[in-house]
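Participant: Here the sequence shown is numbered in numbering that gives the first Met the number 0, starting from 0 and rising by one per residue. The beta carbon of each residue, even a glycine, is placed where N, CA and C say it ideally should be.
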Amino acid sequence: MAYIEELVKALSHENPEIRGKVAGALKALEDARATEPLIKAIENESDKEVRRELAYALHWVADERALPTFIRLLEDDDESLRMWAAYGLGNLGDSRAVKPLIHTLVDEDERVRIGAASALGDIGNRQAVEPLIQALEDENCFVRDQAALSLGLIGDDRAVASLNELYGDESLHVRYAAALSLRMIDKKTGRNTSCSCTNCR
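1) With burial defined as no fewer than 16 other Cβ atoms inside 10 Å of the residue's Cβ, what is the status of Lys26: buried or exposed?
2) According to the neighbour-count rule (16 or more other Cβ atoms, all chains shown, within 10 Å of its Cβ), is Asn198 buried or exposed?
3) Ordered along the chain, which non-local residues of its own chain (more than five positions away) have a Cβ less than 8 Å from that of Asn170?
4) Counting C-beta neighbours from all protein chains within 10 Å, is the total for Ile17 16 or more, i.e. buried, or is it exposed?
5) Rounded to whole angstroms, what is the Cα-Cα separation between Arg200 and Asp168?
6) Under DSSP, the alpha helix (DSSP H) around Arg182 begins and ends at which residues?
7) In three-state DSSP terms, what is Leu10?
8) Sort Asp108, Leu80, Tyr166 by Cα distance to Arg51 and report the nearest one.
9) Determine, using beta carbons only, whether Leu131 and Leu119 come nearer to each other than 8 Å.
10) Hey, how far is the Cα of Ser195 from the Cα of Leu181?
11) Report, in whole angstroms, the separation of the C-beta atoms of Leu104 and Ala96, which I expect to be a contact under 8 Å.
12) Mapping DSSP to helix, strand and coil, what is Leu104?
13) Here's the rule: buried if 16 or more other CB atoms are within 10 angstroms of the residue's CB, otherwise exposed. What is Pro67?
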């Protein structure tokens with residue numbers, strides 16, 4: 000406990016390089032007691048790189064107290080903070096984050112969109128199915144890949160037709176994601192929706 004307290008005090012050190020290293024140390028501890036100090040530090044930090052380090056640390060250690068902060072950070076000007084906020088919400092698994100994450104699926108930065116798609120899969124709320132189906136048409140293949148995997152995690156058979164269409168995707172990763180997700184849906188629904196075509200092989 001004393002070690003964490005000393006690190007928390009150092010979050011206000013005048014040297015930004017030290018503040019960034021402290022954030023890394025708190026991340027390594029993965030102790031939820033650092034949640035509130037990290038939230039406060041993000042709110043007060045002016046250095047862009049340190050804010051990124053703080054957000055990265057928070058997404059690893061946070062408990063439910065970070066939910067409002069993560070949701071607010073989805074609209075931050077810094078794309079890295081938006082991305083870590085999305086992953087942090089996925090780690091929390093709270094359905095209250097579903098609507099904000101759905102809006103984030105159309106973020107201008109592809110890394111943020113990937114994070115939002117991943118988080119929606121982790122949360123597993125069926126409200127995200129249709130927005131994730133739309134994300135299967137994203138211009139970025141890694142967004143399509145993650146949207147497909149998240150649909151498999153949710154396991155709703157509304158996604159079957161769209162996932163089958165991905166067997167014609169130009170990206171091998173996307174085709175594999177579609178095949179895996181269809182198998183996950185089969186397992187959850189007891190149906191046989193998987194395609195046997197050679198495009199996914």
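Facilitator: In short:
1) Within the sequence shown, the letter at position 27 stands for residue 26. When all chains shown are included, Lys26 counts as buried.
2) Along the sequence shown, read from residue 1 onward, the residue named residue 198 stands at position 199. Legend: pLDDT at Asn198 = 47, less than 50; position of this residue unreliable, value from coordinates given subsequently. Exposed: under 16 other Cβ atoms inside 10 Å.
3) Looking up residue 170 in the sequence shown gives position 171. First, the amino acid is wrong: residue 170 is Ser here, not Asn. Only Cys140, Arg143, Asp144 meet the Cβ criterion.
4) As a working mapping, residue 17 is identified with position 18 in the sequence shown. Exposed is the call here.
5) Residue numbering aside, residue 200 sits at position 201 when the sequence shown is read from its first letter. Residue numbering aside, residue 168 sits at position 169 when the sequence shown is read from its first letter. Summary for Arg200: the model assigns pLDDT 41, below 50, so the residue's position carries little reliability; its value from the coordinates is reported in the next sentence. C-alpha separation (whole angstroms): 12 Å.
6) In the sequence shown, counting from the first residue as 1, residue 182 sits at position 183. Here the alpha helix (DSSP H) through Arg182 covers 171-188.
7) For this step, residue 10 is matched to residue 11 along the sequence shown. DSSP places Leu10 in coil when its eight states are reduced to three.
8) Start at 1 with the first residue of the sequence shown, and residue 51 comes out as number 52. Checked all of Asp108, Leu80, Tyr166; the closest Cα to Arg51 is Leu80.
9) As a working note, residue 131 is residue 132 in the sequence shown. As a working note, residue 119 is residue 120 in the sequence shown. Contact: yes.
10) The residue you call residue 195 lines up with position 196 of the sequence shown. The residue you call residue 181 lines up with position 182 of the sequence shown. Only weak support is given to the placement of Ser195: the predicted model assigns it a pLDDT of 47, under 50, and the value that follows is read from those uncertain coordinates. Approximately 11 Å, taken between the alpha carbons.
11) Here residue 104 refers to the residue found at position 105 when the sequence shown is read from its first residue. Here residue 96 refers to the residue found at position 97 when the sequence shown is read from its first residue. No, Leu104 and Ala96 are not in contact; Cβ-Cβ is about 13 Å, not under 8 Å.
12) Locating residue 104 in the sequence shown gives position 105, counting from the first residue. Coil at Leu104, not helix or strand.
13) By 1-based counting over the sequence shown, the position of residue 67 is 68. By the 10 Å Cβ count, Pro67 comes out exposed.
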